[in-house]
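Right, one structure below, let's go through it.
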Amino acid sequence: MTTQFGDLLRHWREARKLSQLDLGLNANVSARHISFLETGRARPSRAMVLNLGGVLDVPRGSRNALLHAAGFAPNYRTRAMDEAEMVPITAALGWMLDRHMPYPAMVLDRRWTIVRANAMATMMLGQMGLSVDANLVEALMDETGLPALIENWQEVAHHLVHRLRAEAAHLGGDAWLGEMADKLAGRIDTAVPGAGVGSEAVIPTRYRLGEVTLSFFSTISQFSTAEDIALADWKIEHLFPADEATRDMVVALARDMNRNPTAPDPPA
12 MTTQFGDLLR HWREARKLSQ LDLGLNANVS ARHISFLETG RARPSRAMVL
62 NLGGVLDVPR GSRNALLHAA GFAPNYRTRA MDEAEMVPIT AALGWMLDRH
112 MPYPAMVLDR RWTIVRANAM ATMMLGQMGL SVDANLVEAL MDETGLPALI
162 ENWQEVAHHL VHRLRAEAAH LGGDAWLGEM ADKLAGRIDT AVPGAGVGSE
212 AVIPTRYRLG EVTLSFFSTI SQFSTAEDIA LADWKIEHLF PADEATRDMV
262 VALARDMNRN PTAPDPPA
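If you count the sequence shown from 1, you need to add 11 to reach my numbering.
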């Protein structure tokens, strides 16, 4: 990718499918000034770079690239998890993961590497030959690995391709995520219905672990005001049982693990 500010600004504007007029209106700047910034006829102030980066929802790391291209110092950084500022964050993550027991929950980074997981997720990952710090996208590329354990793999794969492409686009065209999405798309059976054509309210993922099938759907949450580069891209994924049989099995597994022997009622 180019390192010229004007080219970077144009890249992000086009990635968000905005005209110069649209961006100008959203940023309270004239379309003429946006044009001058993109062609290099005008130089932005630091405040203008941050304003445009926010309006375009540019990821923090890429906002640093915009600042650098405009001749300014970076505004965002990645903090170590043991820094004082991160203590309440790690505590909140631990609380969210632990309170979700006995159901699985995990934290993923921007490229789907597992950062943290609760006890149930860790146990299930182990049954799949994975561990915390594994990359789920790479695991999904191994047809004899994780995909072989998902009973409705083709249906799930359709959804995953769309999700990977959406995340790649949000990150400004993340080449690695885009490449993985294309590889996965090449393995999809187009004769199998994809996401959005079934009769279920949500598409569950059905994991086959030994003689048992566990069916889950998931929710994803993020830190809405994160300014740390890595933290802003983290996703907390909570898995919920999609049927009573899965709920009962997970409760039994948790009881065997001596963790949270009783489960909260699934949300109505």
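Note that beta-carbon positions come from the ideal geometry of N, C-alpha and C, so glycine has one too.
With DSSP collapsed to three states, give me the class of residue i.
| i | result |
| --- | --- |
| K28 | coil |
| N146 | strand |
| G207 | Residue placement at G207 cannot be trusted, given a pLDDT of 48 that sits under 50; the coordinates are not used to answer. |
| P70 | coil |
| E255 | helix |
| S41 | coil |
| P99 | helix |
| F47 | helix |
| E190 | helix |
| V262 | helix |
| L78 | helix |
| H111 | coil |
| E154 | coil |
| D267 | helix |
| M4 | Here the chain has residues from 12 to 279 only, and residue 4 is not among them. |
Based on the DSSP secondary-structure assignment, which residues constitute the bridge partners of residue i?
| i | result |
| --- | --- |
| M117 | A128, E248 |
| I161 | Y218 |
| L9 | This structure cannot settle anything about residue 9, because the visible part of the chain is limited to 12 through 279. |
| T230 | H249 |
As a quick exercise: from the options, pick the residue whose alpha carbon is nearest that of residue i.
| i | options | result |
| --- | --- | --- |
| M97 | A237, H249, M260 | A237 |
| D254 | A241, L225, P113 | L225 |
| V118 | D109, R110, A128, L77 | A128 |
| E7 | F16, T14, G17, R27 | One cannot answer for residue 7 here, as it falls past the ends of the chain, which runs 12 to 279. |
| G221 | H111, V213, G137, R258 | G137 |
| L242 | N39, S232, W23 | S232 |
| L157 | A76, S46, M135 | M135 |
| V172 | I199, L61, D153 | I199 |
| A263 | T155, D109, M131, Y218 | M131 |
| G64 | F228, V167, P85 | P85 |
Please go through the same chain and pick out, in chain order, the residues whose beta-carbon is closer than 7 Å to the beta-carbon of residue i, but skip the five residues on each side of it.
| i | result |
| --- | --- |
| S30 | none |
| G207 | Legend: pLDDT at G207 = 48, less than 50; position of this residue unreliable, no value from coordinates given. |
| M260 | V223, L225 |
By Cβ distance below 8 Å, which residues in the same chain neighbour residue i in space, the five residues on each side in sequence not counted?
| i | result |
| --- | --- |
| V148 | R122, W123, L175, L188, M191 |
Tell me which same chain residues have a C-beta within less than 6 Å of the C-beta of residue i, skipping the five on either side of it?
| i | result |
| --- | --- |
| R57 | F83 |
| G72 | I240 |
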